[in-house]
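See below for the structure under consideration.
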């Protein structure tokens, strides 16, 4: 079984959640509309405004991690690693 992370659940939301599909968001935009529950390890629809999202810095020397970040910042509504 795959470990539930913010990224894997982001993919799942893009597959099954109609709001996420219609919004067609980048990973960096996702936190404007959804909030991560650390207790339940899932994204839920945001009810309040004013959000500051962040994505960690990584460098080209980090290889695969860097390229994954690059793809997440440019591919809209990915549903899996394969689609990236």
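Numbering (full-length UniProt numbering), first residue to last: 1 to 84.
For each residue, glycine too, the CB sits at the ideal point set by N, CA and C.
If you're wondering where the values come from, they're calculated on a predicted model, not measured in any experiment.
Relative to the alpha-carbon of residue i, which residue among the options has its alpha-carbon at the smallest distance?
i, options, result
"residue 9", "23, 22 and 34", "34"
"residue 36", "61, 46 and 22", "46"
"residue 51", "28, 80, 79 and 21", "28"
"residue 39", "84, 2 and 6", "6"
So residue i and residue j are in contact, right, with Cβ under 8 Å, and what is the actual spacing, rounded?
i, j, result
"residue 76", "residue 24", "5 Å"
Helix, strand or coil for residue i, going by three-state DSSP, please let me know.
i, result
"residue 141", "Missing from the structure shown is residue 141; the chain here goes from 1 to 84 and no further."
"residue 56", "coil"
"residue 29", "coil"
Using C-beta distances below 6 Å, list every residue in its chain close to residue i, excluding the 5 sequence neighbours before and after it, in chain order.
i, result
"residue 4", "41"
"residue 55", "28"
Can you name the start and end residues of the beta strand (DSSP E) that residue i belongs to?
i, result
"residue 10", "Careful: residue 10 lies outside any beta strand (DSSP E), inside the alpha helix (DSSP H) at 6-16."
"residue 35", "34-37"
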